[in-house]
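Everything on this sheet refers to the single structure shown next.
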Amino acid sequence: MENLKTLFKELERPAIIAVEASDTNAQITLHVPESLAWFEGHFPEQPVLPGVVQVDWAGKIGRALFVKNSASRQLTNIKFKTMVLPGTSMILELIYSAEKGILKFHFFNDSESFSMGSFKFIPS
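If you count the sequence shown from 1, you need to add 10 to reach the numbering used here.
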């Protein structure tokens with residue numbers, strides 16, 4: 011868990027609560043701190059975690075767990091379904107197929123599906 015925290019600057023990272031991982035999938039329990047730098051100005055009336063940050067988190071954590079020596083070539087099937095607000099707790103589910111070079115991600119909790127998509131990797 012500590013090695014995942016080093017992927018991010020302190021004011022730009024989620025709080026990583028728990029990690030359950032195997033060779034092909036993982037569930038990472040996250041909490042989105044209200045103090046994240048990403049909330050500044052996005053938006054003043056109601057801060058929202060930018061979708062690009064969710065994609066960045068999924069990509070960095072996915073690479074650290076599964077795809078260490080590959081570069082992302084393509085993002086597909088990206089869907090942003092529900093806004094992630096400050097203080098949200100959620101799970102990042104990752105499913106990796108080494109055979110296809112595809113990492114699927116899904117951010118969700120008991121009541122909401124926030125975002126999902128796939129990375130296509132090529133060996134570097």
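From the three backbone atoms N, C-alpha and C, an ideal C-beta is built for every residue, glycine too. Note that the structure is predicted; figures quoted are calculated from it, not measured.
{"query": "Backbone secondary structure at Q56 - three-state DSSP", "result": "coil"}
{"query": "8 Å contact criterion, which V135 and T98 should meet: CB distance rounded", "result": "Residue 135 is absent from the model: the chain starts at 11 and stops at 134."}
{"query": "Inter-stretch contact at 8 Å, needing at least 3 Cβ pairs: the segment 43-55 / the segment 78-89", "result": "no"}
{"query": "Residues near E103 by beta carbon distance below 6 Å, same chain, minus five either side", "result": "Q37 and H116"}
{"query": "Coil, strand or helix - A10 by DSSP", "result": "In the structure as shown, the chain starts at 11 and stops at 134, and residue 10 therefore has no counterpart that could be examined."}
{"query": "Length of the line joining the Cα atoms of T34 and W67", "result": "18 Å"}
{"query": "First through last residue of the beta strand (DSSP E) which encompasses R83", "result": "S80 to F90"}
{"query": "Of the listed residues E122, S123, F118 and L113, nearest to F131 (C-alpha basis)", "result": "L113"}
{"query": "Alpha-carbon to alpha-carbon, E30 and L75", "result": "11 Å"}
{"query": "Contact test: S99 Cβ vs the ligand COA heavy atom, cutoff 6 Å", "result": "With respect to the ligand COA, the structure shown offers nothing to examine, as it has no ligands at all."}
{"query": "CA-to-CA distance, R73 to Q84, given in whole angstroms", "result": "14 Å"}
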